[in-house]
């Protein structure tokens with residue numbers, strides 16, 4: 242399942258580097274998420290969990306999704 246190739250439609254791939262830099266800046270502004278990753282990341286306590294939510298898409302939301 243995770244090994245399958247995923248297809249994406251991206252509006253402007255030339256913006257990927259900019260988005261990645263913005264994401265890393267947001268990560269550094271959210272030390273709580275970084276601490277959670279460090280503490281729980283290797284054990285993957287939420288592996289297999291189905292998590293649903295309704296959030297505005299923001300850099301902070303992206304960091305949350307990446308942490309989960």
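In the numbering used here, the protein residues as written are 242 to 309. Even for Gly, the Cβ is constructed at its ideal location relative to N, Cα and C.
Roughly how many whole angstroms lie between the Cα atoms of residue i and residue j?
i	j	result
residue 253	residue 246	20 Å
residue 276	residue 295	24 Å
residue 278	residue 293	20 Å
residue 288	residue 282	10 Å
residue 250	residue 256	13 Å
residue 261	residue 274	17 Å
residue 280	residue 248	32 Å
residue 271	residue 291	24 Å
Residue i: which of the options sits nearest, CA to CA?
i	options	result
residue 285	308, 272, 273 and 263	308
- prompt: Are the region 254-268 and the region 293-301 touching by the rule of at least three beta carbon pairs closer than 8 Å?
  reply: yes
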